[in-house]
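Shown next, in C-alpha cells, is the structure this report addresses.
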Amino acid sequence: MKKLVFIPFIILILFSCQNSNKTVENKKVTEIKKDEPYFKSGYHYVQQIPDSLRTPEQQALLKKLAIVTYENLAVKDNKMVFNLSEKEFVAKGIPVEYYELIQKDLVNNNKFIKESNITNMDSILKESNKQIRDSLGL
C-alpha cells in the first residue's frame, strides 16, 4: 500500500529539491513568495498522514489524487505539465490545496530539470508511469 501512496508523489517531487519564485507558464497560480511556507499552514495533506492513521475517506482521496495525477501529468518541450485546470481538478472532488501543491512541485521540478540539463523527461515519465500503472492496478 505504501508504494501506491508514494509512487505518484515521487513523480511530482522527484526533482523538487529547490524552491522557485516563479509559477508554471499558462497556469493561474500566483508567484511563490520566499517567506511563504511550501505547505498551506493548518491544512492536513493526506500524504503526510501515516498509513495506519488514515481514514477510509483519506485513503480514497489519496488514491483519487494518484490516479488524477497519473492521468494528467505530461511532458511538453522537456518540461513537466499538468493538463487539468484548477476548475477541472476541483470538479473531480479533490481540494484546491492539492492543485496548488502540484503547481508548486511543477515549478520546482522544471527548474531542476533545466538547471541539471536533463533532456530525457519523456522517457523518465514513461518509466515512472509504468510503475504507477502497475501499483494502481490500471
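Using this note's numbering, read the sequence shown as starting at -4 and increasing by one per residue.
Ideal Cβ placement from N, Cα and C applies to all residues, glycine included.
Checklist entry - For Phe143, does the three-state DSSP call read helix, strand or coil? => result The structure shown does not extend to residue 143, since the chain is modelled only from -4 through 133, so no value can be given for it.
What do you get for Gln43, buried or exposed, if any count of 16 or more other CB atoms within 10 angstroms of its CB means buried? As a working note, residue 43 is residue 48 in the sequence shown. So Gln43 counts as exposed.
Does the Cβ-Cβ distance between Val41 and Leu56 come in under 8 Å? Within the sequence shown, residue 41 is the residue found at index 46, counting from 1. Within the sequence shown, residue 56 is the residue found at index 61, counting from 1. Yes.
In the structure shown, what three-state DSSP assignment does Val24 receive?
Taking the first residue of the sequence shown as position 1, residue 24 is located at position 29. Note that Val24 scores a pLDDT of 43, beneath 50, so its modelled location is shaky; the value from the coordinates is reported in the next line. In this structure, Val24 counts as coil in the three-state DSSP scheme.
ask   = With 16 as the cutoff for other CB atoms within 10 Å, does Leu48 come out buried or exposed?
value = As a first step, residue 48 is located in the sequence shown; it is residue number 53 there, counting from the start. It is exposed - the Cβ of Leu48 has fewer than 16 other Cβ atoms within 10 Å.
Exercise for the section: Can you tell me which of the three DSSP states Leu133 falls into? Expected result: By one-based count along the sequence shown, residue 133 stands at place 138. Residue state, collapsed to three classes: coil.
- [ ] State buried or exposed for Leu133, treating a residue as buried only when at least 16 other CB atoms are found within 10 Å of its CB.
- [x] Working through the sequence shown from its first residue, we reach residue 133 at position 138. The residue in question, Leu133, is exposed, as its Cβ has fewer than 16 Cβ neighbours within 10 Å.
Between which two residues does the beta strand (DSSP E) harbouring Leu68 extend? What you label residue 68 is simply residue 73 of the sequence shown in a count that begins at 1. 68 to 71 is the span of the beta strand (DSSP E), which, as asked, contains Leu68.
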